[in-house]
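Enquirer:
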Amino acid sequence: VGGYLLFGRDFKDKTAQQVRDDIQSYQDASGIPLLIGTDEEGGTVVRASSNPDLFPQREPAPQTLFAQGGMDLILQDARQKSMTLLDLGVNVNFAPVADVSAGASSVIGSRSFGTDAQLCASLVGVMTGSIQTGGIIPCLKHFPGYGSATVDDHNGTSIVEKTLSELEGCDLVPFQSIIASEGSVPFVMVSHLSYPNVTGSDTPADLSASIVTDILRDKLDYQNVIITDHYSAGDAAVKALAAGCDMILMPSDLQAAFDAVKAAVADGTLSQARIDESVLRILTVKAEYGIIS
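The sequence shown runs 45 to 337 under this note's numbering.
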């Protein structure tokens with residue numbers, strides 16, 4: 045276990061000290077200090093700030109903050125939010141959302157900064173830096189772009205029909221811009237959407253080497269941790285690692301995922317070197333943020 049993800053239920057009806065104690069108990073149970081993550085995007089996706097005893101208000105959506113006070117307010121809010129999360133014991137925020145919305149039909153909705161790719165890139169870049177200034181590990185999501193999806197991939201297979209050139213002209217712009225200018229972005233989350241006009245099949249992005257390795261790792265030259273979105277168990281964990289991902293987010297059956305990866309190393313499907321490569325990336329991020337020394 046490299047990390048532990050907290051949902052609204054983990055913060056509900058608790059004092060700040062109770063949350064700290066819970067998180068400390070998870071850390072105490074781990075031989076290597078854990079990444080403690082949550083989704084505190086603001087707006088429709090908030091975990092900790094849904095509890096008024098932990099935050100002065102439910103965190104507003106980044107779109108709302110930008111409309112009210114521009115980049116300065118986004119900076120201020122992201123920094124303060126990060127400091128509050130860090131004080132609770134959280135060290136990873138699965139934010140910001142770097143998706144470019146396709147408009148009213150897009151399932152990403154107000155979680156995106158909007159429909160202008162360049163504006164999204166600028167605002168996501170500001171928010172990423174501010175989260176880091178507050179001492180929290182940020183995570184760009186959902187590569188290679190969720191903005192055109194009309195079905196939530198947590199509810200089953202969702203297909204985006206865009207070609208690679210269409211993604212490059214829009215959806216990839218924030219990711220490419222931020223990775224190029226902020227080479228230390230520690231985490232990128234890959235979606236479970238399918239992009240058949242890019243990969244040639246309905247294989248989800250986080251199981252596709254052409255998405256994870258060829259585009260994100262090689263074409264965009266991203267060298268840090270790649271993590272999947274929420275996950276089913278079984279050989280999907282092996283396929284994600286084979287595609288080039290480093291961490292599996294919330295496999296529905298942790299033991300089954302662990303056993304499958306262990307068996308894959310034993311039979312040569314995955315090499316020990318491939319596992320070591322990912323472990324080194326994860327430990328490097330933990331060291332850079334003072335989680336391990």
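Note that CB positions come from ideal geometry on N, CA and C, so glycine has one too.
T128 and S145 - do their beta-carbons sit closer together than 8 Å?
Expert: In this structure, T128 does not lie closer than 8 Å to S145 by Cβ.
Enquirer: For M115, write down the residues that DSSP places opposite it in a beta bridge.
Expert: Beta-bridge pairing links M115 to no other residue.
Enquirer: With DSSP as the reference, label V141 as helix, strand or coil.
Expert: Note: V141 maps to strand in three-state DSSP.
Enquirer: Hey, quick one: how far does the alpha helix (DSSP H) through I181 stretch, first residue to last?
Expert: From DSSP, I181 is part of no alpha helix (DSSP H) but of the beta strand (DSSP E) over I181 to F187.
Enquirer: Looking at C-alpha atoms only, which residue of Y48, D83 and G87 is the closest neighbour of Q68?
Expert: Out of Y48, D83 and G87, Y48 has the C-alpha closest to the C-alpha of Q68.
Enquirer: Which value, in whole angstroms, describes the spacing of the CA atoms of C289 and P218?
Expert: For C289 and P218, the distance between alpha carbons rounds to 20 Å.
Enquirer: Taking K330 as the reference, give the member of Q62, K58 and I76 with the closest Cα.
Expert: Cα-wise, what sits closest to K330 is I76.
Enquirer: Ignore the nearest five residues each way along the sequence and tell me which others in T172's own chain have a CB closer than 8 Å to its CB.
Expert: Same-chain partners within the cutoff: P140, P182, L184, I222, E226 and V229.
Enquirer: For I271, which residues from the same chain have a beta carbon less than 8 Å from its beta carbon, with the 5 sequence-adjacent residues on both sides left out?
Expert: Here the set comprises C183, F231, V232, M233, V234, C289, D290, M291, I292 and L293.
Enquirer: How is L49 classed by DSSP in three states: helix, strand or coil?
Expert: In the structure shown, L49 sits in a strand (DSSP, three-state: E or B).
Enquirer: Which whole runs of the beta strand (DSSP E) in the segment 52-83 are 3 residues long or more, in chain order?
Expert: Listed in chain order, they are 79-82.
Enquirer: Rounded to a whole number of angstroms, what is the C-alpha to C-alpha distance between V309 and D65?
Expert: Spanning the two alpha carbons is a distance of roughly 36 Å.
Enquirer: Measure the C-alpha to C-alpha separation of P188 and F99 and round it to an integer number of angstroms.
Expert: The straight-line gap from Cα to Cα measures roughly 32 Å.
Enquirer: Would you check if the segment 73-89 and the segment 102-115 touch, i.e. whether three or more CB-CB distances between them fall below 8 Å?
Expert: Contact holds: three or more Cβ-Cβ distances are below 8 Å.
Enquirer: Are the CB atoms of I255 and A193 within a distance shorter than 8 Å?
Expert: Cβ distance not < 8 Å, so A193 and I255 don't count as in contact.
Enquirer: By a C-beta neighbour count over all protein chains shown, 10 Å radius and 16 as the cutoff for buried, is A73 buried or exposed?
Expert: Exposed: under 16 other Cβ atoms inside 10 Å.
Enquirer: Does DSSP classify F110 as helix, strand or coil?
Expert: It is helical.
Enquirer: In three-state DSSP terms, what is M291?
Expert: Note: M291 maps to strand in three-state DSSP.
Enquirer: To the nearest angstrom, report how far apart D143 and E210 are at their CA atoms.
Expert: Going by the C-alpha atoms only, they are around 14 Å apart.
Enquirer: Anyone know if the C-beta pair for I180 and P240 falls short of 8 Å?
Expert: Going by C-beta atoms, I180 is not nearer than 8 Å to P240.
Enquirer: Under the rule that 16 or more other beta-carbon atoms within 10 Å means buried, what is T177, buried or exposed?
Expert: It is exposed - the Cβ of T177 has fewer than 16 other Cβ atoms within 10 Å.
Enquirer: In the DSSP assignment, the beta strand (DSSP E) including F231 goes from what residue to what residue?
Expert: Element bounds for F231: F231 to V234.
Enquirer: Going by C-alpha to C-alpha distance, which of L119, G81, P248 and V305 sits closest to F138?
Expert: Comparing Cα-Cα distances from F138 to each of L119, G81, P248 and V305, the minimum goes to G81.
Enquirer: Within this structure, are the beta carbons of A287 and S252 separated by less than 8 Å?
Expert: Result yes, Cβ atoms of A287 and S252 sit closer than 8 Å.
Enquirer: Looking at Y190 and L237, is the spacing between their C-beta atoms short of 8 Å?
Expert: Their beta carbons are under 8 Å apart, which means L237 touches Y190 by this criterion.
Enquirer: Rounding to the nearest angstrom, what Cα-Cα distance links M57 and I175 in this structure?
Expert: It is Asp, not Met, that sits at residue 57 in the sequence shown. Their Cα atoms are separated by approximately 26 Å.
Enquirer: Which whole-angstrom value describes the C-beta separation of L167 and M115, a residue pair presumed to lie in contact below a C-beta threshold of 8 Å?
Expert: Confirmed, about 7 Å.
Enquirer: Spell out the partners DSSP gives T272 in its beta bridges.
Expert: V234.
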